[in-house]
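Following our numbering, the numbering of the sequence shown begins with 3 at its first residue and continues without gaps.
These notes are about the structure you will find just below.
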Amino acid sequence: MFVDYYQILKIEPTASQEDIKKAFRRLAIKYHPDKNPGIDTTKQMQLINEAYLFLKDIEGRTKYDREYQFYTQYEQKQKKNKEEGQYKERQSTEAKAEPEKNIIRKNIRFQDETLKNWMNNAREQSVDLAKETIEDLRAMFKAGANAAIDKVGSMLPGYLGSVAIMLIIVILIKTCK
């Protein structure tokens, strides 16, 4: 299945490398688990990571752009056919007339096998990256919680001692009256 990385990053196909980086950062912050407590944003972060990993690579992006052109042409053709009311009729006619065609309804067969493999690798890397990020966040949270507990634990005897002294003073004052 063809994935529209430009749509995921909410950028135009003409975007510069700097635009890609800015879009990635903006979306990574927006869908970061810390910004969305109680909401599982893992899948969205995986897609964002996948899109960024792929589009930041110049060679990968060049190959992707070729396939992207096929994809957009296919989408435009489907939209036009729907608008003309001939979508279903043409779909069945084309399926019979051109079975070797590289477009299969909503799924797109890749013209470039290397690109297909790269996209699959990017998808796998994005899943690994999202898992790493979640594990890092858990480790940071655990370390922060442990540090807070240690700090409170080391300060607790001092607080208890201060409270005990104040209680003794209050009791002495009350008994002296």
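Glycine included, C-beta positions come from ideal geometry on N, C-alpha and C.
Taking one beta carbon from each stretch, the region 160-174 and the region 65-72 have fewer than 3 pairs nearer than 8 angstroms; the two do not touch.
Distances from the CA of residue 9 to each of 46, 81, 60 were compared; the closest alpha carbon is that of 46.
The region 37-44 makes no contact with the region 77-84: fewer than 3 CB pairs, one atom from each, lie closer than 8 angstroms. If you compare the alpha carbons of 11, 62, 20, 4 with that of residue 75, the shortest gap goes to 4. Under the criterion of beta carbons closer than 8 angstroms, residue 121 and residue 26 do not qualify as touching, at roughly 17 angstroms. In the DSSP annotation of this structure, the continuous segment of the alpha helix (DSSP H) that includes residue 121 starts and ends at 115-178.
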